[in-house]
Structure formats: structure tokens, C-alpha cells
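Scroll down for the structure; my scribbles are underneath it.
Numbering (the working numbering), first residue to last: 650 to 1193.
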């Protein structure tokens, strides 16, 4: 048996550790490949052992050497067959290990590629998360701006509607006020014209009265001359005429006193009326100036509020409309008072005309009546001057009404400017809405890309799990093959030790084994014994 077996190059302690190493790296697999190259060497033995037992007794005769050879051959034959089977299994295991190494290398490449893809996907996912957070923050800010713009737009739209309605109402009220003022001015102008005509007629009548008094004075002087000429014969007549004149003078004096009182009362009433008219006109002017100042203040406040938010325009317009209505009522009351005073003045002028007519009929009045008539003429001139002043006041009132119309036109122009600014605000809001829609679309696309990347990451994770499961199953297979290989190594080492012990026992002749006949210590094959058995068939026992 010496020299029949080739010793193994790999120790059974190092081979399983190399084959059980599942660490991802090229060094361990290179070491395993080098060990596999040594393991692929086949077990060398010369020939299979054939066992042929010879019975005791015969021509050859029994011998212990032959008996040992035959029994050793019979013992070694199943071992040889088992070794052959182990060698076949080792070759199959070696091929399986090579294929497994190839698959493991392929799995390692795929694993590295998957690790790179996973790293890229994680980096992309982090970048996408940051971009998504930025987009969400921007979308939140844009949503807040859009909500604020929407609220401002709704408020502005409501304010504009209310402002438009208020302006329409104000324009209608201003038109009505303008129409009423025009009618009042026309009525005042017609009343003043009538008053001037009546004053002109009164002046003419006063002139005629003065002429009558002049004729009366002339007749009185003529009468005095006639009386002086006919003094002596007409004393009695003079006395009679004196009594008559005294009576007439008393009547004329009473009439003149009553006329003087009426004139003084009329003059006082006219002065009071003039003073009242001046106060009313001054009050109307102050009211108009205050109304216009309040209107300008309201317009300025309205312009500021319209430039900011146009929120207080309705209140200003309401206040302006209320002030205009109040001023319109005040003007109506003042015009009504003027009409009443003008009617009173016309009545008093009629009374004055009647009194002047009665004074003109009294041709027998003394010379003092002419002075009273002159005084009444001066009073009438004062009345005409007061009438002219009232006309000037009415003209100034008409000019102020025209100024109010100009300011109303300025208010309308400012309303147009406010509407243009509101249109610009609406255009800006539409642009902001378009930008918001664009950001929303970009956010939707980012969500879609994130979902796609999440799906890709899920697929890559599933693939990595599958690869990990395959690697674990391959590791289990390799460990199982390594255990089998260790067991085969143990079997082979035990068989080698048994053969070595048997060989030493044979060489030394221990345990009842005979030493070889040849004195050479080198190993050689056992002799081939050919024996013929029954039926002419020979049995061959070959030991090598």
C-alpha cells in the first residue's frame, strides 16, 4: 500500500474557512480560487483492487501471506470503490464551486452596480427632497400672497361697486342741486328784474310827484302874490283861506307824518331786509366755502384712501352727499326767505307807490312836503343800491356754483384715475394668479418625479433584497459544501493514517503481519496470483 496514495496539498482546517468566507471582496475569492486549483487534482491510485479468495487446502496450499493478501484485497476493494465515488463527488463539488464562484462574482458586480445606483438614488432623493421643500415653501408663500391678493381684490371690487353707486348718486344729487340752483338763480334774476322795473316805475312816479310839488310851490307863490296884491279887500277871504289852509296843512302834516313814519318803517324794514340778506348771503357763502372745503378734504382723503385700498371712499362720499344735501336744504331755505322778503318788499313798494300817489294828489300841501319827497327818493336810491348789491351777491353765488361744478368735474377725473389704478391692480393680480398656476404645475411635476423616484427606489430595494437572499442562500450552500468537504478530508485523512499504520505494521511485522520477503524498503506492488478455480475459470487477485 506504500506509494498508492497522493497526499493532499490543502489542510482541512484552512479550506473550510476560505470556502465559508462570504465577505464581499476580491481577496477572499482569489484565495478560494487558488485553493480550488489545488483541489481539482484527482486522487492518484494505480488500479482497482480485485478480491479473489482462495479456500484453504489445494494445490497451492494455504499460506498466511496469501490469506492476508486476499483478505486485505477484499477489505480495500469497497474502500477503493468508496474513494472513487468520493473522487467523483469531489470533481462535481469542484465544478459546482467554480460555477458558484462565477455566480458570486456576477452577483458581486451586480451588487456594486446596485450600490452605486442606490447611492445615486439616495443623492437624487435628498436633492429632490430639498427642492420639494423649497417648492412647498414657495407654494405656501405664493398661496398666502394669492389669498391676500384675492381678499384685497374682493374688498377692492366691493369698494369700487359701492364707490360707483355712491358716485352715481352724488352725480345725480349734484345735477339736481345744479338744476335747483339754476332755477333759483333764474327766479332770483327774474324777481330782481321785476324789482328793478318796479323801482324804475317808483322813481318815475316820484319824479312826477316832485313835479307836482314844484307846480304846487309855484301856485303857492302865485297865490301869495295875489294875496299880497289883494290883501286889503280879501282879508276875510284870507282868514277863511288861512283857516282852510290850516286845516289842509294839518291834514297834509298828518299825512306827511304818517308817510314819514311809513317811509321810516319801510326804510328800517329795507335795512333789516338788506342786513338779513347780506347775512344770509354771507352764511350761504360760508356754508358753500365750508362745504367745498369739506368736499376738497374728503376728496384728498378719498384720493389717499383710493391709492392705498379705496376703503374709506364710500364714507367720504356719504359725508359729501350729506353735506351737499344739507347745503341744498340751506340754499332752498335761503331762497325761500329771499322770495318771502322780495314779496314783502314788493308789497311795501306798492304801499309806497300808493302813498306817493296820495301825496301827489294833495296839490295844496306846503313846501315841506317836497323835502319829504326828496328824502323818500333818497330812500328809493338806497333801495336800488341794495338791489344792485344783492345782484352782485347772486352773481358771486352763481360763480361759486360754477366752481362747485368744476370741483365736481375734478372729483370725476379722480374717480377715473382710481378706476385706472384699480384696473392696474387687477392686471397685477391676474399676473400673480398666472405665476401661481405655473408654480402649481411645477409642483405637480415635482410630485410626479418624486413618485417615480420613490417607485424606482422601491424596485431597487426589492432587487437588493432579492440579491441579498440569493447571496445568503449561496452562502448556506457553500457552507454545506464546505462541511461535506471537511468530512471528506477527515475520511481521507483517517484512511491515509490507517494505510500508513497498516504499512508500518506490515514492514515491522507487528500485530501478526508478516514482513515482505524482499529486503528492500521501497514500496512495490503485490504479486499477482493467478489460480484456477472450479470449471476451469481462473480467479485473479491483484494487489498494488
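A virtual CB, placed ideally from N, CA and C, is assigned to each residue, including glycine.
Three or more beta-carbon pairs drawn from the stretch 1126-1134 and the stretch 742-750 are found closer than 8 Å, and the two stretches are therefore classed as touching. Out of 1138, 1159 and 1134, the CA that lies nearest to the CA of residue 745 is found in 1134. Remark: C-beta atoms of residue 1116 and residue 763 approach each other more closely than 8 Å. Relative to residue 739, the option among 857, 1157, 1138 and 825 whose CA is nearest is 1138. In the three-state DSSP reduction, residue 712 falls in the coil class, being neither helix nor strand. In summary, residue 791 is buried, with 16 or more beta-carbon neighbours lying within 10 Å of its beta-carbon over all protein chains present. Sequence-distant Cβ neighbours of residue 770 in its own chain, meaning closer than 8 Å and more than five residues away, are 1102, 1105, 1106 and 1109. Between residue 1156 and residue 756, the C-beta spacing is not below 8 Å.
With a cutoff of 8 Å on beta-carbon distance, residue 788 and residue 1092 are scored as near each other. Shortest Cα-Cα distance from residue 796 to any of 1146, 733, 1078 and 1088 involves 1078. When Cβ pairs closer than 8 Å are counted between the two stretches, the stretch 804-814 is seen to touch the stretch 1060-1075, the count reaching three or more. In this structure, residue 781 and residue 1071 do not form a Cβ contact; the two beta carbons are roughly 37 Å apart against a cut-off of 8 Å. About 7 Å separates the CB atoms of residue 1081 and residue 794; that is less than 8 Å, so the two are in contact.
The C-alpha of residue 731 is placed about 27 Å away from the C-alpha of residue 713. Annotated three-state conformation of residue 1159 is coil, per DSSP. Straight across, the Cα-Cα distance linking residue 736 with residue 761 is about 36 Å. Sorting 1045, 1065, 1140 and 1159 by C-alpha distance to the C-alpha of residue 728 places 1140 at the top. The Cβ-Cβ distance between residue 777 and residue 1097 does not fall below 8 Å. Looking only at 1113, 720, 784 and 1049, the smallest Cα-Cα distance to residue 1087 is reached by 784. Closest option to residue 1112, judged by alpha-carbon separation, among 1063, 801, 766 and 1055: 766. Its Cα nearest to that of residue 742, the residue 1132 stands out among 931, 1132, 1056 and 832. Distance check between residue 1095 and each of 774, 720, 846 and 725 places 774 closest, using alpha-carbon atoms only.
Around the beta carbon of residue 839, a 10 Å sphere encloses fewer than 16 other beta carbons of the protein chains shown; the residue is thus reported as exposed.
Residue nearest to residue 846 within the set 903, 1037 and 1041 is 1037 (criterion: CA-CA distance). When the Cα atoms are used, residue 829 and residue 821 turn out to be separated by approximately 12 Å. Separation of residue 1122 and residue 1142 (C-alpha to C-alpha, rounded to the nearest whole angstrom) is 30 Å. Burial state of residue 1069 is exposed, judged by a 10 Å Cβ sphere holding fewer than 16 other Cβ atoms. When only Cα atoms are considered, residue 1049 and residue 798 end up about 43 Å apart. Nearest in C-alpha terms to residue 813, of all of 754, 725, 1031 and 1063, is 1063.
Cβ-Cβ distances below 6 Å link residue 860 to nothing in the same chain once the five nearest sequence neighbours on each side are left out. Nearest to residue 1041 by C-alpha distance, out of 931, 1144 and 734, is 931.
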